[in-house]
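*Asks:*
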Amino acid sequence: MTSHKSNLDAAAVSQFLASRRTTRDFIKDKPVPQEILDQILTDALTAPSWSNTRPFKIAVATGDVRDRISTEFLSRWDALAKGRNGNFFAKLKLITSRYGLPTSNRLSAKPYVAELKPRANRVGAELYGLLGVARGSREERDAQWAKNYEFFGAPVELFIFIHKSLGIWSASDAGLMIENVVLSAHAHGLGTCAQGAVVIWDDVLRKEFDVSDDYRLLTGLAVGYPTEAPVNSFGAHRIGPDEILLKKK
Ligand SMILES: Cc1cc2nc3c(=O)[nH]c(=O)nc-3n(C[C@H](O)[C@H](O)[C@H](O)COP(=O)(O)O)c2cc1C
21 MTSHKSNLDA AAVSQFLASR RTTRDFIKDK PVPQEILDQI LTDALTAPSW SNTRPFKIAV
81 ATGDVRDRIS TEFLSRWDAL AKGRNGNFFA KLKLITSRYG LPTSNRLSAK PYVAELKPRA
141 NRVGAELYGL LGVARGSREE RDAQWAKNYE FFGAPVELFI FIHKSLGIWS ASDAGLMIEN
201 VVLSAHAHGL GTCAQGAVVI WDDVLRKEFD VSDDYRLLTG LAVGYPTEAP VNSFGAHRIG
261 PDEILLKKK
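Numbering (our numbering), first residue to last: 21 to 269.
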């Protein structure tokens, strides 16, 4: 019988969990060793899952594939940003050519509802403040956002797809699995950045990987070694449990 006990110190585990932060600047020319990537993916599959179905797939983009995807994303982002920010003719060009418009997850960029907006605004203001991105400057914000499409320099980008049939439970299972990836990577001295930014052009990925129509793109995840850049010392605000606990009637 395998033991299901852990002899890790609880306080050390809490410290480990709290010490994980999103990485937004990676050492581009420092690859992730294959054996470490293999271990992380093995760790991914020890997460709980709805009836043990594991209703997700992962596309691992490295090397030329990673670079091709990044180049195409950057080109589409350029077209999209120019269309959004430009004059009538720029907008018309975007709409008529359609190049740059989302081909998947069109609703991922919809505005936040009032209940959640203050949290999103706060992290945006604090992160951009640290980066010196002027609040009112769309150009500066767009330039920072564009780094998403370089995967912040990460040599590995994972694209996580979920099976459509299980609806929200596929996403939940994938989320549990992704957290294992993120924490295993953290334990190996690697950084990660989940990237909702990359979910809007899944046709690019479907050209590179054999993805069945039963699966839809949930998120990207950049993996690599963090640089010493100040952005990697950013600590997003933590809310307390009181903010998520439901009041008794
Ligand atoms: C599904 C998902 C998508 C995300 N998308 C992005 C993204 O596109 N770009 C980015 O810089 N950060 C992205 N993040 C990172 C969050 O902004 C970050 O997790 C949050 O601000 C909390 O900070 P922390 O991870 O450092 O604790 C994403 C996180 C999740 C879970």
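Glycine residues also receive a C-beta, built at the ideal position from the N, C-alpha and C atoms. Note that the coordinates shown come from a computational prediction; the quantities given were computed from them, not determined experimentally.
(1) For the 8 Å Cβ check, are there 3 or more pairs between the stretch 98 to 109 and the stretch 224 to 240?
(2) Compute the Euclidean distance between the alpha carbons of serine 26 and alanine 154, then round it to the nearest angstrom.
(3) Quick check on the DSSP output: what are the complete alpha helix (DSSP H) runs of length 4 or more inside the stretch 35 to 95, in order along the chain?
(4) Report the residue from Thr42, Ala79, Ala30 and Pro246 whose alpha carbon sits nearest the alpha carbon of arginine 236.
(5) Compute the Euclidean distance between the alpha carbons of lysine 167 and leucine 238, then round it to the nearest angstrom.
(6) Have a look at Arg226, Arg139 and Thr43 and flag the residue whose alpha-carbon is nearest the alpha-carbon of isoleucine 264.
(7) Are there any heavy atoms of ligand 2 lying less than 7 Å away from the beta-carbon of glutamine 35, as far as the coordinates show?
(8) Comparing the CB of valine 143 with every heavy atom of ligand 1, is any distance shorter than 7 Å?
(9) Check whether the stretch 54 to 65 and the stretch 201 to 208 touch, using three or more Cβ-Cβ pairs below 8 Å as the test.
(10) For leucine 225, does the count of other Cβ atoms within 10 angstroms reach 16, so buried, or fall short, so exposed?
(11) Does the beta-carbon of isoleucine 182 have 16 or more other beta-carbons within 10 angstroms, so that it is buried, or is it exposed?
(12) Short of 6 Å in beta carbon distance, which residues of its chain neighbour asparagine 125, apart from the five on each side in sequence? Order them along the chain.
(13) Of all residues in the structure, which have a C-beta closer than 6 Å to any heavy atom of ligand 1, taken in chain order?
(14) Suppose the cutoff is 6 Å on Cβ atoms and the five residues either side in sequence are ignored; what does the same chain contact list for threonine 123 look like?
(15) Identify the residues that DSSP records as bridge partners of glutamine 215: which are they?
(16) Can you list, in chain order, the residues of its chain with a C-beta nearer than 6 Å to that of glycine 152? Leave out the 5 residues immediately preceding and following it.
(17) With C-beta atoms as the reference, is serine 90 less than 8 Å away from phenylalanine 171?
(18) Please look up how many angstroms separate the CB atoms of arginine 161 and tyrosine 148, rounded, as I've assumed it's under 8 Å.
(19) Can you tell me whether DSSP reads glutamate 135 as helix, strand or coil?
(20) Closest to glycine 173 by CA distance: which of Ala256, Leu241, Arg258 and Asp29 is it?
(21) Using 8 Å as the threshold, is the stretch 242 to 250 in touch with the stretch 32 to 48, meaning 3 or more CB pairs across them?
(22) Could you give the distance in angstroms between the alpha-carbon of leucine 150 and the alpha-carbon of alanine 249?
*Replies:* Here's the rundown:
(1) no
(2) Here residue 26 is taken as the residue at index 6 of the sequence shown, counted from 1. Here residue 154 is taken as the residue at index 134 of the sequence shown, counted from 1. Going by the C-alpha atoms only, they are around 47 Å apart.
(3) 54 to 64
(4) Counting from one through the sequence shown, the residue named residue 236 turns up at place 216. Nearest C-alpha to arginine 236: Ala79.
(5) Taking the sequence shown and counting its residues from 1, one reaches residue 167 at position 147. Taking the sequence shown and counting its residues from 1, one reaches residue 238 at position 218. Going from the Cα of lysine 167 to the Cα of leucine 238 covers about 19 Å.
(6) Here residue 264 refers to the residue found at position 244 when the sequence shown is read from its first residue. The candidate whose alpha carbon is nearest that of isoleucine 264 is Arg139.
(7) By its list of ligands, the structure shown excludes ligand 2, since it contains just ligand 1.
(8) Within the sequence shown, residue 143 is the residue found at index 123, counting from 1. True, at least one ligand heavy atom lies under 7 Å from that Cβ.
(9) yes
(10) Mapped onto the sequence shown, residue 225 falls at position 205. Buried, because 16 or more other Cβ atoms sit within 10 Å of the Cβ of leucine 225.
(11) Here residue 182 refers to the residue found at position 162 of the sequence shown. Buried: at least 16 other Cβ atoms inside 10 Å.
(12) On the sequence shown, position 105 is the one that residue 125 refers to. So the list reads Val219 and Ile220, once near-sequence residues are dropped.
(13) Arg41, Thr42, Arg44, Val143, Asn168, Cys213, Ala214, Gln215, Gly216, Ala217, Thr239 and Ala256
(14) Here residue 123 refers to the residue found at position 103 when the sequence shown is read from its first residue. These residues qualify, in order along the chain: Trp221 and Asp223.
(15) For the purposes of this step, residue 215 is taken as the residue at position 195 of the sequence shown. For glutamine 215, which the question treats as bridged, DSSP gives the partners Gly240.
(16) Taking the sequence shown and counting its residues from 1, the one referred to as residue 152 is at position 132. Excluding positions up to five away in sequence, the list is empty.
(17) On the sequence shown, residue 90 is found 70 positions in, with the first residue counted as 1. On the sequence shown, residue 171 is found 151 positions in, with the first residue counted as 1. The answer is yes: Cβ separation under 8 Å.
(18) Along the sequence shown, one-based indexing puts residue 161 at 141. Along the sequence shown, one-based indexing puts residue 148 at 128. With 8 Å as the limit, arginine 161 and tyrosine 148 qualify as a contact, their Cβ atoms being about 7 Å apart.
(19) For the purposes of this step, residue 135 is identified with residue 115 of the sequence shown, where counting begins at 1. Correct three-state label for glutamate 135: coil.
(20) Start at 1 with the first residue of the sequence shown, and residue 173 comes out as number 153. Closest option to glycine 173, Cα to Cα, is Leu241.
(21) yes
(22) As a position in the sequence shown, residue 150 is number 130, starting the count at 1. As a position in the sequence shown, residue 249 is number 229, starting the count at 1. Cα to Cα, leucine 150 sits roughly 11 Å from alanine 249.
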